[in-house]
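Below: the structure, in structure tokens.
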Amino acid sequence: MAKDVESSELGFAQEWDQPVRYMERTRSYYLGLGYENPYVWAHYSLVPFTPLRKPLRESILGLITTAVQFDPDKGPQGAGAPYNAAAKFYQPYKSPINQKLDLRIAHVGVDRKNANMEDMSCWFPLAAARRAVEVGRLRTLSPHFYGLPTNRSQRHTLEVDAPLILEMLRADNVDVIVLIPNCPICHQSQSLLARYLEQAGISTVIMGAAKDIVEYCAVPRFLFSDFPLGNAAARPNDVASQDYNFELALRLLESAPAARTTVQSPLIWSLDPSWKLDYSNIEKLSEEELARLRSEAEQARITARELRLKSLGS
């Protein structure tokens, strides 16, 4: 008790008010569900780095997401929707940027208790990017945005998905890229892609919320927002936060002196940091909840496997 009083008097933050350790959290969670082989996360010591080849005001910027256009035939995908394996996609895509967009994140493991699943600007900063073009920070946006599958196979991401995305970017003459992941595996996939694109000569920055996963993989530039998974771009219904974080990402593209440059956004999600205790926290689940989640996870695995076989044949 004395230590708690002293910490309060000295103005210390609460112990859990730090970036969530998602690798540790998800490892414990899936062990608790009965999956006995912990996932091995991608990790590198050497990091590629491509400085900007020209000023941003002369550059074409592309956005890469792990979200996907809403399909009403694939079940619930909006606010309050559970994890929806039926909405997953397994092939990289590009789609015109100048169309009516309704991107959803119901197919990934986001923080469904705390993240906002209604405001697309929380996970896809298109509006902020357009405003950056209007004020002359960027020459223009690429004619398409690009979708990267959330793939547990690092080999498939690097050997199949990344080359396809690079081909799309080159066809659109993209100079710089902002990548926005959502779930833990999304953060790894986007980190692998960022590394691949930098090796190919395209400057990148990740706007993410899973600090441990991105830095463990090791990327050139990373804008970290201490927000719930799924809302890495901005706070909901908050235009100022959209523009502020996007400008931070642009400045990071311009000013990063070397690879492994991380900048943390000073924006906070909530004055109460207890939301960080919720995501996949096995200690907060009852035996009944664990049994239900085991059943749901197994059904989601079966659905995803069938969809993958239909999409890729493997």
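First residue of the sequence shown: 80, per our numbering; consecutive thereafter. Beta carbons: idealized from backbone N, C-alpha and C, even for Gly.
Neighbour-count burial assignment, residue i, 16 or more Cβ in a 10 Å radius
i: Ala319; result: exposed
i: His122; result: exposed
i: Asn324; result: buried
i: Val189; result: buried
i: Lys355; result: buried
i: Arg314; result: buried
i: Asp152; result: exposed
i: Phe306; result: buried
i: Arg191; result: buried
i: Glu277; result: buried
i: Asn252; result: exposed
i: Arg216; result: buried
Integer-rounded CB distance, given that residue j should sit under 8 Å from residue i
i: Asp317; j: Asn193; result: About 15 Å separates the two Cβ atoms, so there is no contact after all.
i: Arg136; j: Arg218; result: 6 Å
i: Ser174; j: Gln156; result: Not quite, the Cβ-Cβ distance comes to about 16 Å (not below 8 Å), so this is no contact.
i: Leu140; j: Val284; result: Actually they are not in contact, since the Cβ atoms of Leu140 and Val284 sit about 10 Å apart, beyond 8 Å.
i: Ser334; j: Asp254; result: So it is not a contact: roughly 17 Å between Cβ atoms.
i: Tyr108; j: Ile361; result: 5 Å
8 Å Cβ shell around residue i - same chain, five flanking residues per side excluded
i: Ala81; result: Confidence at Ala81 is low in this model, with a pLDDT of 47, below 50, so the placement of that residue is unreliable and no value is reported for it.
i: Thr340; result: Pro299, Arg300, Phe301 and Leu331
i: Trp95; result: Pro352, Ser353, Lys355 and Leu356
i: Ile347; result: Asp305
i: Glu197; result: Gly157, Ala158 and Pro315
i: Thr145; result: Ile184, Val187, Gly226, Leu227, Pro228, Thr229, Ile259, Pro260, Asn261, Cys262, Cys265, Ser268 and Gln269
Sequence-distant residues of the same chain with beta carbon closer than 6 Å to residue i, five excluded per side
i: Asn230; result: Thr236 and Ser268
i: Gly287; result: Pro260, His266, Val293 and Ala311
i: Leu391; result: Tyr169
Sub-8 Å separation of residue i and residue j beta-carbons
i: Pro117; j: Arg106; result: yes
i: Leu227; j: Leu272; result: yes
i: Ile176; j: Pro134; result: no
i: Gln321; j: Ala164; result: no
i: Asn261; j: Ile143; result: no
i: Ala289; j: Trp202; result: no
i: Leu112; j: Leu350; result: no
i: Lys167; j: Leu327; result: no
i: Ala337; j: Phe128; result: yes
i: Val126; j: Ala279; result: no
i: Pro171; j: Asp240; result: yes
i: Tyr295; j: Trp120; result: yes
i: Arg104; j: Ser270; result: no
i: Phe248; j: Ile281; result: Note that residue 248 is Leu in the sequence shown here, rather than Phe. Closer than 8 Å, so yes.
i: Asp291; j: Arg132; result: no
Residues sharing a beta bridge with residue i, DSSP
i: Tyr118; result: DSSP output for Tyr118 lists no bridge partner at all.
i: Lys173; result: Tyr225
i: Met286; result: Leu302
i: Ile139; result: Thr219
i: Leu258; result: Ile143 and Ile285
i: Val239; result: DSSP output for Val239 lists no bridge partner at all.
i: Thr340; result: Arg300
i: Leu182; result: Gln148
Beta-carbon proximity list for residue i, same chain, < 7 Å, skipping 5 on both sides
i: Glu375; result: none
i: Tyr114; result: none
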